[in-house]
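Here's the structure, in structure tokens; my notes come after.
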Amino acid sequence: MGWCFGGAQSLQLALNSQDHPLAATIIYYGRLVTDNATLANIKWPVLGIFGDQDRSIQVDTVKAFESALNS
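Numbering (our numbering), first residue to last: 89 to 159.
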């Protein structure tokens with residue numbers, strides 16, 4: 089679990105944990121990856137918490153992240 093910078097690090101840990109799967113990943117804000125192929129390596133639940141009024145992480149980016157995770 090990570091918040092802001094830690095949220096981005098939480099995602100990076102998930103992306104680099106294919107050999108040691110995690111039980112879950114929690115991202116409370118933080119920079120996102122929206123590439124389907126990159127996110128395909130995450131095979132466990134991901135909880136992302138974001139605000140729709142946040143100017144640094146746009147709603148469209150969060151939706152693209154969710155779509156890529158679910159593809």
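Even for Gly, the Cβ is constructed at its ideal location relative to N, Cα and C. These numbers come from a predicted model, not from an experiment.
Ignoring anything shorter than 3 residues or poking outside the region 114-142, list the beta strand (DSSP E) runs there in chain order.
134-137
What is the rounded straight-line gap between the Cα of residue 92 and the Cα of residue 123?
20 Å
Grab the span of the alpha helix (DSSP H) containing residue 152 for me, first residue to last.
147-157
Going by CA-CA distance only, name the one from 137, 140, 158, 118 that's closest to residue 97.
118
Are residue 129 and residue 103 close, meaning C-beta to C-beta below 8 Å?
yes
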